[in-house]
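The structure under discussion appears below in the form of structure tokens.
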């Protein structure tokens with residue numbers, strides 16, 4: 249299934265389309281296509297890298313993003329007990345940068361918030377089932 253989402257922050261516009269499949273109640277993200285309008289693209293390689301990292305971080309939040317506390321202290325302290333998407337689960341990522349003569353705008357954060365809703369919309373498109381809470385690991389999808 250395909251899912252779409254749009255986001256605006258730091259004076260940048262971002263849209264993402266995510267392609268997923270769900271087999272035996274397990275989610276696989278195959279591709280992420282993201283487009284950013286960030287004004288004048290000063291360094292396209294850096295913008296592309298930021299958007300690729302944002303896609304992986306956004307996936308990580310959608311899949312595993314959960315912080316827990318016990319006895320007043322956060323239980324997660326590092327990557328050994330806070331799971332992130334790793335290379336074996338990373339999808340193919342495509343980034344398009346809109347050409348513009350406007351002043352440069354943000355590229356670090358704007359690519360993150362659009363990913364989870366695009367994934368959720370893709371799951372709905374693939375299965376007909378709507379999920380309203382994250383992380384998806386709590387639903388047994390990852």
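Numbering (this note's numbering), first residue to last: 249 to 390.
C-beta: ideal position from N, C-alpha, C; glycine also.
Going by the beta-carbon positions, is the gap between residue 279 and residue 340 smaller than 8 Å?
-> As a first step, residue 279 must be located in the chain shown, where it is residue number 31. As a first step, residue 340 must be located in the chain shown, where it is residue number 92. Against a cut-off of 8 Å, the Cβ pair of residue 340 and residue 279 comes out as a contact.
Exposed or buried, what is residue 288 when buried is set at 16 or more other beta-carbons lying within 10 Å of its beta-carbon?
-> Translated into positions along the chain shown, residue 288 becomes position 40. Exposed, since its Cβ has fewer than 16 Cβ neighbours within 10 Å.
Compare the Cα-Cα distances from residue 259 to each of 277, 286 and 282 and report the closest residue.
-> To locate residue 259, count along the chain shown from 1; it is residue 11. Out of 277, 286 and 282, 286 has the C-alpha closest to the C-alpha of residue 259.
Under the three-state DSSP convention, the category residue 250 falls into | As a first step, residue 250 is located in the chain shown; it is residue number 2 there, counting from the start. It is a strand residue.
Rounded C-beta distance between residue 344 and residue 283? I'm assuming under 8 Å.
-> In the chain shown, the residue the question calls residue 344 occupies position 96. In the chain shown, the residue the question calls residue 283 occupies position 35. Cβ atoms of residue 344 and residue 283 come within 8 Å of each other, at about 4 Å.
Residue nearest to residue 352 in terms of C-alpha spacing, selected from 291, 299, 374 and 371 = The residue you call residue 352 lines up with position 104 of the chain shown. Nearest to residue 352 by C-alpha distance, out of 291, 299, 374 and 371, is 291.
Candidates 256, 354 and 267: which alpha carbon is nearest residue 298's?
-> As a first step, residue 298 must be located in the chain shown, where it is residue number 50. The option with the nearest alpha carbon to residue 298 is 354.
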